[in-house]
Structures are given as structure tokens and as C-alpha cells.
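Residue numbers (my numbering): 1 to 156. Glycine included, C-beta positions come from ideal geometry on N, C-alpha and C. All values reported here derive from a predicted model rather than from experimental measurement.
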């Protein structure tokens, strides 16, 4: 199991939880994208960072909040294809990246092409068509949807 969490507080909670439960998970304190670079995440409540997102001044979600309450944190982003090499395997992928889905998928295209995949990906309505079209291009077949969670599969 590989887990990627760019938010420092969430990362340390994940690490502690895995230690307490004796779980063998490779954890990385960076996020995933379509290139390797430093960025920021934003959120509005330091005690509830589950919905933090990559900062993009054009993010429509930002318009819902008073700019004075936006909290930012510096993070690193990397392409999954540059971090892991997985070939001819059966893999399960869960993606929940708050409007950054297509960029994460672009950064893991090689892994998607070289493996049998079952994927659960949370996609908001504003990005659904673009992400579905991209997944279709990568030959992932839609299986089912439950609210904003969408399930896909791809054979090798």
C-alpha cells in the first residue's frame, strides 16, 4: 500500500495511525500531479483539513470564502510515474484530490497503461466530463458511480 498526503498535519496523523495499528504502508509527504514542482494547498479551518486543495487562483471553490480566512501551506507535488515503477500487476487506486484529478492521472499514465487497474476516483460535477473523457482515452471502462465516487477498470 502506498499513500500520498501533502498536508503535514494529515501526514503525521496517518503515520501515527499506521504505527498504532501495526500497518505496513509506504507513506509519502507530497502530493501527486502531472509534473514535479512546489506548490501550496489551501483550506479554511486548521482543525478540518480533509478538504484541502491545491491552490489555484482560478479555483471556483475559493470564491465561496472570504480571502482573509484562507490558510495556505507549502507542499511538493510529483508525478507518480517518477516515484513508482509498477508493471504487469493488479492494482487498486483511490484518488481524492479536490479538482486536481486530471493532473494526477496525467502524472500516472505509464502506470495506468502497464497494469490491470481498478480505480475509485472522487470527481466533482465541474470536472466530471473532462476527467471521464481522459479516463476513456486511457482505456479505463466506467463500472459504477455512487454520488461523487466513480469506479473504473482497465485490463492489461
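Take the Cβ of residue 108 as the centre, count every other Cβ of all protein chains shown within 10 Å, and call the residue buried at 16 or more, exposed below.
By 1-based counting over the chain shown, the position of residue 108 is 108. Label assigned to residue 108: buried.
Check the DSSP bridge columns for residue 38 and list the partner residues they point to.
The residue given as residue 38 occupies position 38 in the chain shown. The partner list for residue 38 (beta bridge, DSSP) reads 76.
In this structure, does DSSP put residue 133 in helix, strand or coil?
As a working note, residue 133 is residue 133 in the chain shown. Helix, per DSSP.
With which residues is residue 27 paired in a DSSP beta bridge?
Counted from its first residue, the chain shown places residue 27 at position 27. DSSP output for residue 27 lists 3 as bridge partner(s).
Return the bridge partner residues of residue 13 from the DSSP annotation.
Counting from one through the chain shown, the residue named residue 13 turns up at place 13. For residue 13, which the question treats as bridged, DSSP gives no partner whatsoever.
At what residues does the alpha helix (DSSP H) containing residue 121 begin and finish?
Along the chain shown, one-based indexing puts residue 121 at 121. Here residue 121 belongs to no alpha helix (DSSP H); instead the beta strand (DSSP E) covers 116-122.
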